[in-house]
Every structure is written in C-alpha cells, then in structure tokens.
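Here's the structure we're looking at; comments come further down.
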Amino acid sequence: MICSLDAELLMNYGLKIGELKPDAEKKLMAMQTHTSRSNNTKKRFHNTDPKDLVSPEEFKKMSGKKYRQYLSSHIRTQPNKGLNPSSLEAVLVNTNLNMIRGRLDSDTYLLFKDGTAYGDCKIPIQDLNVKMSKILEGPAYSKYPKWTRWKKKGGKYYIQNLKTKQWKLLKKAQKALPGKKGERLNNTFWTFSGSQFFGSHQGYYKLMPNGRFEIYNFTMRQNDLRAQDMDGTIPYLGTVSESDKTGSTANSVAIGNNFGGGASHKRKDGNKNTGTYYIDGYTIELHHDNGWVHRELFHFPSKDKKKSIQIKDTIYWVREYD
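Numbering-wise (this note's numbering), the sequence shown opens with residue 10 and increments by one.
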C-alpha cells in the first residue's frame with residue numbers, strides 16, 4: 010500500500026489516490042502476501058528489409074505479446090547500431106497526470122533536425138531503427154502513429170496532429186538530459202501509483218556508486234469495493250505482492266459473508282532484482298545476477314539530476330524521507 014507520505018507527494022503532482030477499504034486492507038497486509046515475476050527472454054533484433062514485413066492488415070490484427078515481440082524485433086537494432094544522436098535537434102520529456110490510474114505518465118519525444126518528431130519513445134535512442142519504425146509506427150501500419158512534425162514558437166514546443174493538421178502545445182515539456190558515459194549514481198529512486206480500480210503500486214531502483222543496483226516492487230490489487238458494500242453478497246477479492254533482493258512472494262485472499270480463504274506462494278529469486286548497471290547517454294544497461302541482460306531508455310527529466318530519473322517510460326524520483 011502507498012504510505013501517506015507517498016500519497017502526499019503524489020497530491021503535490023495533482024494526483025488523487027483511491028483509498029482502499031480499511032478492514033480489507035488490514036486483512037491483506039496481515040497475510041504478508043507477495044508476487045514474483047521472472048523474465049529471461051532474450052531479444053532478437055532484425056535489420057529487415059521492408060519487403061519482408063507482413064501486410065498492414067495482418068500487422069493490425071496482432072495483439073498482446075505477439076504484437077509487442079514483432080514490433081520490438083523490427084524497430085530495435087543491435088546495441089548502438091540505430092539512430093545517430095547527431096540527427097536530433099532535441100530530446101524532450103512531457104509529463105501528464107493520469108487521474109484514472111493515479112500516476113504520472115511520461116512521454117519522451119525525439120525531435121529531428123529535419124522537422125520530424127517521434128513520440129512516446131520507449132527504447133534506447135541509439136537502438137532505434139528509424140527506417141523500420143517509420144513504417145510500423147507510421148500511419149499505414151499503426152492506429153496511433155508515433156511519427157509526426159514539430160515546431161518551436163516563443164520558446165515552446167508544438168507537435169502536429171497529421172490528420173487534423175492542428176498543432177498541440179507540449180505544456181510540460183522540458184529537455185531530457187542524457188547521462189555521462191559510465192556515470193554512477195548514489196540514490197534510491199521511487200515510483201508509486203494508486204487507484205480504487207487498478208490497485209496500488211510502489212517500487213524503486215537503488216543505484217549505487219559501486220555500479221550495483223537493487224530493485225523493489227510492491228503491488229496491491231482488489232475488486233470494486235463499492236459493489237461489495239451494496240448488499241454484502243459480492244466477495245472481496247484481493248492480492249498483495251512483493252519482490253526484492255531477498256526473493257518474491259504472493260498471496261491472494263477471498264472474503265465473503267460465509268467464507269474466507271487464500272493462497273500464498275514464495276520464491277527465492279532475489280537475484281533477478283540485483284546486478285550491475287552501466288549508463289551511457291540515453292541508455293542504461295542492466296546486468297541482473299540471474300543472467301538477464303537488457304538495455305532501456307534512460308534520461309534525467311529535469312536539470313537537477315539528484316531529483317529524478319526516467320527508465321523506459323516511467324519516472325522515478327527521490328523521496329525526501331525514509
């Protein structure tokens with residue numbers, strides 16, 4: 010559960026956290042429930058000729074894991090074999106408040122010197138296959154194209170809607186700053202979110218000056234408590250999960266008028282949450298102690314590098330309390 014201080018910080022960002030029902034929360038927390046996820050998937054990269062792509066119709070029928078894997082395998086190159094940063098005018102990060110999920114959403118924009126723009130970037134900039142991305146994430150293949158145009162007016166940045174030709178102001182845009190090659194940090198960077206419908210989550214990356222990292226995640230989910238309160242016939246269903254350097258555990262619970270029960274699970278897989286990191290520009294490479302190696306988009310969303318970082322599409326910031 011997100012603590013009151015975390016909720017207060019989110020409120021400073023304009024977020025409202027849906028409160029969990031106190032008695033249900035107490036029962037869940039008493040069970041010390043947790044979950045674990047492992048990901049040892051090795052990405053395969055393809056510098057595919059456009060002639061080898063599936064048709065736009067077939068691509069649009071893809072969904073879920075199949076869609077994500079196909080897209081990633083074609084728009085990502087081998088490390089540092091993609092986009093040359095010298096072709097960029099600027100890299101921006103624009104934040105928006107997601108009131109439904111109770112979190113801060115962040116979009117990274119790549120502004121090219123030729124006037125084109127790539128929005129919602131989620132992969133390391135130098136691993137982006139621009140040619141393939143313009144096809145698969147362009148209007149012919151994608152329902153929500155990421156490629157558009159940009160302009161700067163009065164010191165502010167605008168993105169064009171290619172369908173309506175209207176220009177949209179990026180109200181909270183600021184320049185995303187790259188890390189120095191081999192830069193080491195010494196802080197714990199948190200993220201948290203919460204709502205009645207989507208549950209609550211908090212987690213952190215602890216980046217240490219010796220090049221080591223630790224990851225922590227905590228999640229609580231439940232069904233709609235308002236429906237349960239109407240006549241007492243709908244049972245409360247909830248899960249609480251936690252994963253850190255010691256391992257991961259998960260519990261679920263069901264509570265009704267005439268019954269109650271739950272299940273628990275525990276794994277000693279803490280080595281997936283520890284390892285070494287290497288920062289190079291807009292990339293962070295993570296070598297987990299379980300053998301998983303992956304590269305993610307990385308930058309500092311503000312001038313004060315001590316305050317926040319972004320990894321992939323999530324902003325993590327420093328709490329000013331323990």
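Note that CB positions come from ideal geometry on N, CA and C, so glycine has one too.
Quick caveat, the model's predicted, so the values are computed rather than measured.
Proximity to GLN319 across GLN87, VAL102, VAL63 peaks at VAL102, based on C-alpha coordinates.
When the five nearest sequence neighbours on each side are left out, no beta carbon in the same chain lies closer than 8 Å to the beta carbon of LYS60. In this chain, VAL63 is not harboured by any alpha helix (DSSP H), its DSSP state being neither H nor E. In the DSSP assignment, GLN169 falls within the unbroken beta strand (DSSP E) covering 165-169.
A distance below 8 Å between beta-carbons, with the five flanking residues on each side excluded, links LEU120 to the following residues of its chain, in chain order: LEU97, GLU98, ALA99, VAL100, LEU101, ALA126, TRP159, TYR166. By the criterion of a C-beta distance shorter than 6 Å, PHE207 is surrounded in its chain by ARG110, once the five residues flanking it on both sides are discounted. In terms of CA proximity to PRO88, ILE134 leads the group ILE134, GLY265, ASN282, VAL139. Per DSSP, the unbroken alpha helix (DSSP H) holding TYR79 starts and ends at 73-84. Looking at the DSSP output, ARG158 shares a beta bridge with THR125. By the Cβ neighbour-count rule, VAL249 is buried, with 16 or more other Cβ atoms within 10 Å of its own. Counting C-beta pairs with one atom in each stretch, the region 245-265 and the region 223-230 have three or more that are closer than 8 Å, which means they touch. Fewer than three pairs of CB atoms, one per stretch, sit closer than 8 Å, so the region 111-118 makes no contact with the region 261-272.
Segment contact: the region 272-292 against the region 210-230, three or more CB-CB distances shorter than 8 Å; contact assigned. The C-beta of ASP253 has 16 or more other C-beta atoms within 10 Å across all chains shown, which makes the residue buried.
Here the C-alpha atom of LYS90 lies approximately 13 Å from the C-alpha atom of MET141.
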